[in-house]
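Novice:
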Amino acid sequence: MTDPIDRSGLAPRFWETKRLKDMSGAEWEALCDGCGKCCLNKLEDEDTGEVALTRVACRLFDDSTCRCSMYETRHSYVPECIVLTPKTISDHAYWLPQTCAYRLLWEGRDLYDWHPLISGTPDSVHRAGVSIQGGTVSEAAIAEDDWEDHIIEEPV
Ligand code: SF4
Ligand code: SF4
63 MTDPIDRSGL APRFWETKRL KDMSGAEWEA LCDGCGKCCL NKLEDEDTGE VALTRVACRL
123 FDDSTCRCSM YETRHSYVPE CIVLTPKTIS DHAYWLPQTC AYRLLWEGRD LYDWHPLISG
183 TPDSVHRAGV SIQGGTVSEA AIAEDDWEDH IIEEPV
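If you want this note's numbering, it's the position in the sequence shown, counting the first as 1, plus 62.
#1: Indicate whether the contact test is met: 3 or more Cβ pairs, each with one atom in the region 108-119 and one in the region 173-188, closer than 8 Å.
#2: Candidates S70, D68, W90 and T127: which alpha carbon is nearest E78's?
#3: For D124, which beta-bridge partners are listed by DSSP?
#4: Who pairs with A119 in a beta bridge, going by DSSP?
#5: Can you give me the C-alpha to C-alpha distance between M63 and P184, rounded to a whole angstrom?
#6: Taking 8 Å as the cut-off, decide whether the C-beta atoms of L146 and A119 are in contact.
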């Protein structure tokens with residue numbers, strides 16, 4: 063599988079020496095492992111703050127490639143899709159997937175060996191069983207009131 067993210071020309075293991083806020087745009091983008099889990103709808107309990115993951119994916123999510131089908135122009139269709147940056151990650155870390163590279167590094171942890179930056183291939187995230195490729199249903203097909211019937215455990 064061709065990696066849709068350009069991870070070429072980056073310093074080896076730059077994430078171990080650079081702080082998130084000091085990373086270049088290319089380094090920041092390269093941190094995404096392509097797991098797709100941030101494109102799943104979550105249900106948040108207003109009282110406890112607990113976040114439940116569902117297998118109901120954003121309408122722009124392509125279940126076969128495990129990617130956004132219109133990443134560059136997505137905000138024209140899904141204006142609420144967040145833009146994760148070093149400045150906004152503190153607001154979002156609590157709901158990001160446990161294995162998300164941005165969350166791991168923000169929490170001072172290391173990346174897993176299956177991360178494409180370490181394995182050299184985007185396929186490793188799927189082989190490791192931590193992505194949601196082939197495991198979603200589109201929000202276009204499921205009424206929001208029924209999302210709670212599709213709660214899943216995060217694949218980790
Ligand atoms: S959860 Fe994190 S690593 Fe996975 S696709 Fe989303 S931004 Fe990328
Ligand atoms: S718009 Fe694209 S990147 Fe944003 S949640 Fe939907 S599928 Fe994911």
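Quick reminder that beta carbons are idealized off the backbone N, C-alpha and C, glycines included. Owing to the predicted nature of the structure, the values given are computational and were not obtained by experimental measurement.
Specialist: Quick answer:
#1: no
#2: For the residues S70, D68, W90 and T127, the minimum Cα distance to E78 belongs to W90.
#3: R129
#4: Bridge partners of A119: L102 and S200.
#5: 7 Å
#6: no
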